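Novice: Handing you a structure now.
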Amino acid sequence: LDGSGVYNGTSDLQLERMNVYFNEASGNKYVPRAVLVDLEPGTMDAVRAGPFGQLFRPDNFVFGQSG
864 LDGSGVYNGT SDLQLERMNV YFNEASGNKY VPRAVLVDLE PGTMDAVRAG PFGQLFRPDN
924 FVFGQSG
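Below, the structure written as structure tokens:
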């Protein structure tokens, strides 16, 4: 996958098994099947700021509040 969630490979087998780890969204884009949990929101901010951060759905982030 590239940073926007589009599959760029050439393997039919890989594409067939994408649904193991990813859900297909509109426009043939894929989003990770993941729930990210941490007690500190800074960790989630680091994931969002990373090269693949935009792939994750915002409602799949669960974090506590510092303080």
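To convert, count from 1 in the sequence shown and add 863; that's this note's numbering. Quick reminder that beta carbons are idealized off the backbone N, C-alpha and C, glycines included. Computed from a prediction, not measured in an experiment: that's the story for all the values here.
1. Per DSSP, asparagine 871 is paired with what?
2. Runs of 3 residues minimum, wholly inside the stretch 892 to 929: which ones carry the beta strand (DSSP E) assignment?
3. If you draw a straight line from the C-alpha of serine 874 to the C-alpha of valine 900, how long is it?
4. In or out: glycine 913 buried (at least 16 other Cβ within 10 Å) or exposed?
5. Below 7 Å between beta carbons: does that hold for tyrosine 893 and glycine 866?
6. CB-CB under 7 Å to glutamine 877, same chain, minus the five flanking residues each way: which ones, in chain order?
7. Do you know offhand how far asparagine 882's Cα is from glycine 916's?
Specialist: Let's see:
1. Beta-bridge pairing links asparagine 871 to no other residue.
2. Counting only runs that start and end inside the stretch 892 to 929, the beta strand (DSSP E) elements of at least 3 residues fall at 892 to 895, 899 to 901 and 924 to 926.
3. 32 Å
4. exposed
5. no
6. Counting only residues of its own chain and dropping the five nearest sequence neighbours on each side, glutamine 877 has no CB closer than 7 Å to any other CB.
7. 19 Å
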